[in-house]
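Colleague: Structure incoming, see below.
Protein chains: 2
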Amino acid sequence: MSPDMTAGDPPVHGEFVALCGGVGGAKLALGLQHILGQKLTVVVNIGDDFDHLGLHICPDIDTVLYTLSSLSDQSRGWGRADETWHFMEAMKGLGGETWFQLGDRDLALHVERTRRLRSGESLTDLTAAFAKQLGIRAQIYPASDDVLRTMVHTPDGVLEFQRYFVERRCEPKVKRIDFQGAAQAQTTPAVERALSSETLSGIIICPSNPYLSIDPILAIEPLKDLLESRRVPSIAISPIIGGKAVKGPTVKIMMELGIGVTPRSIAHHYAGLIDGLVIDDQDAMDTEGADVEVFTTDTLMIDLDTRVNLARSVLAFIGELSSAKS
Amino acid sequence: MSPDMTAGDPPVHGEFVALCGGVGGAKLALGLQHILGQKLTVVVNIGDDFDHLGLHICPDIDTVLYTLSSLSDQSRGWGRADETWHFMEAMKGLGGETWFQLGDRDLALHVERTRRLRSGESLTDLTAAFAKQLGIRAQIYPASDDVLRTMVHTPDGVLEFQRYFVERRCEPKVKRIDFQGAAQAQTTPAVERALSSETLSGIIICPSNPYLSIDPILAIEPLKDLLESRRVPSIAISPIIGGKAVKGPTVKIMMELGIGVTPRSIAHHYAGLIDGLVIDDQDAMDTEGADVEVFTTDTLMIDLDTRVNLARSVLAFIGELSSAKS
Chain A
19 MSPDMTAGDP PVHGEFVALC GGVGGAKLAL GLQHILGQKL TVVVNIGDDF DHLGLHICPD
79 IDTVLYTLSS LSDQSRGWGR ADETWHFMEA MKGLGGETWF QLGDRDLALH VERTRRLRSG
139 ESLTDLTAAF AKQLGIRAQI YPASDDVLRT MVHTPDGVLE FQRYFVERRC EPKVKRIDFQ
199 GAAQAQTTPA VERALSSETL SGIIICPSNP YLSIDPILAI EPLKDLLESR RVPSIAISPI
259 IGGKAVKGPT VKIMMELGIG VTPRSIAHHY AGLIDGLVID DQDAMDTEGA DVEVFTTDTL
319 MIDLDTRVNL ARSVLAFIGE LSSAKS
Chain B
19 MSPDMTAGDP PVHGEFVALC GGVGGAKLAL GLQHILGQKL TVVVNIGDDF DHLGLHICPD
79 IDTVLYTLSS LSDQSRGWGR ADETWHFMEA MKGLGGETWF QLGDRDLALH VERTRRLRSG
139 ESLTDLTAAF AKQLGIRAQI YPASDDVLRT MVHTPDGVLE FQRYFVERRC EPKVKRIDFQ
199 GAAQAQTTPA VERALSSETL SGIIICPSNP YLSIDPILAI EPLKDLLESR RVPSIAISPI
259 IGGKAVKGPT VKIMMELGIG VTPRSIAHHY AGLIDGLVID DQDAMDTEGA DVEVFTTDTL
319 MIDLDTRVNL ARSVLAFIGE LSSAKS
């Protein structure tokens with residue numbers, strides 16, 4: 019790859035699919051939406067989803083919805099801006115569970131989603147309806163309408179994702195991660211259509227946690243098959259910057275699982291699913307024997323500009339890979 | 019009745035059961051709780067209950083819970099004090115239903131109640147748990163754990179209670195009111211125990227709307243049977259003051275149903291169920307041929323003092339009726 023490729027305009031012909039978890043992935047999705055608008059489809063992890071207080075909560079879909087509609091709280095990193103917490107205060111007064119914070123504004127999404135699911139609507143359809151209602155241009159789809167749950171095996175036993183992530187603050191050591199329901203889970207017609215579209219130009223695996231956020235998507239065999247049989251370039255953005263993760267337990271988990279904290283490990287993890295890997299300027303990767311092209315740039319997204327810049331680099335990289343292929 | 023009977027202390031030996039709807043009834047219940055503490059059992063209307071946004075909402079139980087725990091909003095007349103409305107704002111943004119206002123703090127009750135009902139707990143048990151959690155001394159019980167729905171027949175068709183009361187603001191003319199599910203509805207062991215207790219000293223029908231708030235309770239045959247076979251005095255407080263109702267559509271409905279807006283109509287309505295009627299100083303009632311004793315006092319409850327004063331008068335009146343009986 020020539021280092022000057024970011025100078026030109028990105029190739030915005032055709033459509034793009036981004037696989038995405040929560041906060042980190044959503045930042046890039048926002049940058050991509052800025053350039054691609056409705057030509058972007060975001061396929062979101064559902065392994066974090068859970069039922070809490072009788073409500074169906076989809077943390078990653080919510081983060082993507084809030085980020086792409088600019089409703090998200092920038093400093094807290096999750097939930098909505100201008101949030102209040104009176105529901106939680108009152109719930110505490112009633113003796114209810116309060117370990118998982120639900121803001122007053124945020125609650126509307128959970129209540130309305132739960133109502134619509136109970137009335138028989140699919141998660142795909144209601145998520146699309148919310149996205150439209152919130153003025154989001156990109157398509158946002160759950161990876162599946164089936165139940166798939168990320169389970170974290172620890173010395174303290176098997177923990178549901180939110181119990182591990184929120185209640186236990188990622189403290190227990192991760193021995194293994196698996197995905198309950200994955201064997202039965204199907205992808206959706208909407209995701210299938212996006213990934214097999216004649217006008218698809220590229221696939222992007224966002225810099226989300228590979229083990230907790232992207233693997234649950236890849237655990238859906240029919241979806242993984244579509245990625246493996248792709249006819250367009252697929253690239254991933256390494257979530258590692260200078261041997262660290264921007265946020266979240268990626269590095270901690272890699273160390274606990276005995277995986278070297280290097281871009282090479284990320285490339286190896288996505289072997290067969292990507293043609294290129296974007297790594298940070300602070301990192302280096304020996305591409306000898308590696309099956310992927312590597313593009314190095316500043317991957318830290320601190321504001322809208324850096325998000326759009328990374329998105330532009332990613333799309334240019336895909337354009338290069340595409341030209342090289344044809 | 020001698021007019022000086024309010025001067026003495028009320029008879030607080032034994033227990034009392036109050037039948038109660040929403041706001042007006044809850045005010046007297048608060049006054050009664052002030053004197054009686056845990057010797058008071060409040061049996062609350064469930065005809066207004068409905069499912070909304072997937073949540074089970076019990077407006078009258080909520081009003082009683084908030085009033086008796088001093089959490090209620092004094093000026094608005096319903097819901098909680100210090101309330102915020104961010105959930106509703108967000109729900110509007112998602113295109114959800116917003117005709118029924120749910121405050122952020124108030125929501126906790128609906129979400130937690132719905133969760134507990136779905137987990138198999140009875141409305142009676144969870145209401146008792148909420149009351150305890152909120153530091154309420156009185157017992158608060160729903161009139162039934164079965165489904166009973168107040169339906170308002172109007173020229174525009176049959177309206178569910180909240181559609182009539184909130185969405186249509188009581189505007190449609192009432193032709194008839196009935197109670198869906200009443201024929202099958204049972205009362206509860208808790209209500210039965212309270213009404214047949216050896217230590218029961220009196221029954222009080224609060225100044226709630228007789229047609230919309232008390233009739234749904236009386237529509238539960240086993241509960242009505244217990245009232246009819248009572249061995250202690252039962253009294254009602256007329257909700258009419260000077261030919262008007264303090265709040266709500268009582269007078270409008272009486273006129274639409276062709277019922278004279280007089281205390282006598284109230285006495286007639288509760289015939290067989292009460293031994294005494296408390297009416298306001300501004301009203302008069304010719305007791306000739308009437309089957310009830312009448313006690314006249316100031317029934318307008320504008321603050322805690324007036325609520326406690328009315329409660330004291332009511333208990334004194336029951337004491338008089340009790341002495342007269344024995």
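Here the protein sequences come in this chain order: A and B.
For what it's worth, our numbering labels the leading residue of the first sequence as 19, then goes sequentially.
For what it's worth, our numbering labels the leading residue of the second sequence as 19, then goes sequentially.
Beta carbons: idealized from backbone N, C-alpha and C, even for Gly.
Helix, strand or coil: how does DSSP classify T145/B here?
Modeller: Locating residue 145/B in the second sequence gives position 127, counting from the first residue. It is helical.
Colleague: Counting pairs of Cβ atoms below 8 Å between the stretch 327-334 of chain A and the stretch 43-54 of chain B, do you hit three or more?
Modeller: no
Colleague: Of all the alpha helix (DSSP H) runs that stay within the bounds of the stretch 102-159 of chain A, which reach a length of 4 or more residues?
Modeller: 104-111, 122-136 and 141-151
Colleague: Give a yes or no on whether 8 Å exceeds the smallest Cβ distance from A47/B to chain A.
Modeller: Here residue 47/B refers to the residue found at position 29 of the second sequence. Not closer than 8 Å to any Cβ of chain A, the Cβ of A47/B fails to qualify, so no.
Colleague: Step through the CB atoms of chain A and report whether any lies within less than 8 Å of the CB of G138/B.
Modeller: Walking along the second sequence from the start, residue 138/B turns up at place 120. No - not a single Cβ of chain A is within 8 Å of the one on G138/B.
Colleague: Taking the C-alpha atoms as reference points, what is the distance between A36/B and K150/B?
Modeller: Here residue 36/B refers to the residue found at position 18 when the second sequence is read from its first residue. Here residue 150/B refers to the residue found at position 132 when the second sequence is read from its first residue. In this structure, the straight-line span from the alpha carbon of A36/B to that of K150/B is close to 18 Å.
Colleague: Classify G220/B: buried if its beta carbon has 16 or more other beta carbons within 10 angstroms, exposed otherwise.
Modeller: Indexing the second sequence from 1 puts residue 220/B at position 202. Answer is buried; the Cβ neighbour count reaches 16.
Colleague: CB V269/B to CB G42/B, shorter than 8 Å?
Modeller: Taking the second sequence and counting its residues from 1, one reaches residue 269/B at position 251. Taking the second sequence and counting its residues from 1, one reaches residue 42/B at position 24. Against a cut-off of 8 Å, the Cβ pair of G42/B and V269/B comes out as no contact.
Colleague: Measure from the alpha carbon of D309/A to the alpha carbon of each residue in I292/A, G40/A, G261/A and D174/A, then state which is nearest.
Modeller: Counted from its first residue, the first sequence places residue 309/A at position 291. Closest by C-alpha distance to D309/A, out of I292/A, G40/A, G261/A and D174/A, is I292/A.
Colleague: Could you give the C-beta distance for L152/B and S87/B, rounded to a whole number, given that I count them as a contact under 8 Å?
Modeller: If you number the second sequence from 1, residue 152/B lands on position 134. If you number the second sequence from 1, residue 87/B lands on position 69. About 4 Å separates the two Cβ atoms, so the contact holds.
Colleague: Taking 8 Å as the threshold (beta carbon to beta carbon), is L125/A in contact with chain B?
Modeller: For the purposes of this step, residue 125/A is taken as residue 107 along the first sequence, with counting starting at 1. By this cut-off, L125/A is an interface position.
Colleague: Helix or strand or just coil, what does DSSP make of Q198/A?
Modeller: The sequence position of residue 198/A within the first sequence is 180, counting from 1. Reduced to three states, the DSSP call for Q198/A is strand.
Colleague: Considering just the uninterrupted stretch of the beta strand (DSSP E) at H70/A, what are its terminal residues?
Modeller: Against the first sequence, residue 70/A aligns to sequence position 52. From DSSP, the beta strand (DSSP E) with H70/A extends over F68 to H70.
Colleague: Which stretch, first to last residue, makes up the alpha helix (DSSP H) that contains F335/A?
Modeller: In the first sequence, residue 335/A corresponds to position 317, counting from 1. Its alpha helix (DSSP H) spans residues L322 to K343.
Colleague: Should T172/A be listed as close to the ligand ZN, given that the test is whether its C-beta is under 7 Å from any heavy atom?
Modeller: With respect to small molecules bound, the structure shown includes none, and the ligand ZN cannot be examined in it.
Colleague: Using a Cβ cut-off of 9 Å, which residues of the stretch 99-111 of chain A contact any Cβ in chain B, in chain order?
Modeller: D100, E101, T102, W103, H104, F105, M106, E107, A108, M109, K110 and G111
Colleague: When you compare each of H128/B, A146/B, I75/B and P190/B to A208/B by their alpha carbons, which one comes out closest?
Modeller: Residue 208/B sits at position 190 when you count from the first residue of the second sequence. It is A146/B.
Colleague: Assign M272/B to one of two classes, buried (16 or more other C-beta atoms within 10 Å of its C-beta) or exposed (fewer than that).
Modeller: Within the second sequence, residue 272/B is the residue found at index 254, counting from 1. The residue in question, M272/B, is buried, as its Cβ has 16 or more Cβ neighbours within 10 Å.
Colleague: Going by alpha carbons, who is nearest to L58/B out of L218/B, G114/B and P251/B?
Modeller: Indexing the second sequence from 1 puts residue 58/B at position 40. Of the listed residues, the one whose Cα sits closest to L58/B is L218/B.
Colleague: With a threshold of 8 Å between beta-carbons, can V82/A be considered close to chain B, or not?
Modeller: The residue you call residue 82/A lines up with position 64 of the first sequence. No, no contact with chain B.
Colleague: Using a Cβ cut-off of 8 Å (strictly closer), state whether V62/A contacts chain B.
Modeller: For the purposes of this step, residue 62/A is identified with residue 44 of the first sequence, where counting begins at 1. With 8 Å as the cut-off, V62/A does not count as an interface residue toward chain B.
Colleague: Using a threshold of 8 Å, state whether the C-beta atoms of S162/B and T205/B are closer than that.
Modeller: Mapped onto the second sequence, residue 162/B falls at position 144. Mapped onto the second sequence, residue 205/B falls at position 187. It is a contact, given that the beta carbons lie within the stated cut-off.
Colleague: Here's the rule: buried if 16 or more other CB atoms are within 10 angstroms of the residue's CB, otherwise exposed. What is Q92/B?
Modeller: Residue numbering aside, residue 92/B sits at position 74 when the second sequence is read from its first letter. Of the residues assessed, Q92/B falls on the exposed side of the cut-off, its CB having fewer than 16 other CB atoms within 10 angstroms.
Colleague: Taking 6 Å as the limit between beta carbons, can you name the residues of its chain near A285/B, skipping five residues before and five after?
Modeller: Here residue 285/B refers to the residue found at position 267 when the second sequence is read from its first residue. Taken in chain order, the residues that qualify are L295, A308 and V310.
Colleague: Sorted by chain position, which residues of the same chain lie with C-beta nearer than 6 Å to K343/A's C-beta, five sequence neighbours on each side aside?
Modeller: By 1-based counting over the first sequence, the position of residue 343/A is 325. Same-chain partners within the cutoff: there are none.
Colleague: Counting pairs of beta carbons, one from the stretch 119-128 of chain B and one from the stretch 99-107 of chain B, are three or more of them closer than 8 Å?
Modeller: yes
Colleague: How far does the alpha helix (DSSP H) with A285/A in it reach, from first residue to last?
Modeller: Counted from its first residue, the first sequence places residue 285/A at position 267. Under the DSSP assignment, A285/A falls in the alpha helix (DSSP H) whose first and last residues are P281 to H287.
Colleague: What is the rounded straight-line gap between the Cα of I232/A and the Cα of D69/B?
Modeller: For the purposes of this step, residue 232/A is taken as the residue at position 214 of the first sequence. For the purposes of this step, residue 69/B is taken as the residue at position 51 of the second sequence. One C-alpha to the other measures close to 38 Å.
Colleague: Measure from the C-beta of R133/B to each C-beta in chain A and report whether the shortest distance is under 8 Å.
Modeller: The count along the second sequence starts at 1 and reaches residue 133/B at position 115. It does: the Cβ of R133/B has a partner Cβ on chain A nearer than 8 Å.
Colleague: I need the DSSP call for T314/A, collapsed to helix, strand or coil.
Modeller: Working through the first sequence from its first residue, we reach residue 314/A at position 296. Looking at T314/A - three-state DSSP - the assignment turns out to be strand.
Colleague: Could you check where the beta strand (DSSP E) with M169/B kicks off and where it finishes?
Modeller: Within the second sequence, residue 169/B is the residue found at index 151, counting from 1. R167 to T172 is the span of the beta strand (DSSP E), which, as asked, contains M169/B.
Colleague: Which whole-angstrom value is the C-beta distance of I53/A and V326/A, which I expect to be below 8 Å?
Modeller: Taking the first residue of the first sequence as 1, we reach residue 53/A at position 35. Taking the first residue of the first sequence as 1, we reach residue 326/A at position 308. At roughly 7 Å, the Cβ-Cβ gap stays under 8 Å, so I53/A and V326/A are in contact.
Colleague: Can you check whether the C-beta of G113/A is within less than 8 Å of a C-beta belonging to chain B?
Modeller: One-based indexing of the first sequence puts residue 113/A at position 95. For G113/A, the answer is yes, since a Cβ of chain B falls inside 8 Å of its Cβ.
Colleague: At which residue ranges does the stretch 182-226 of chain B contain complete alpha helix (DSSP H) runs of 4 or more residues, listed in the order of the chain?
Modeller: Whole alpha helix (DSSP H) segments, 4+ residues: 207-213.
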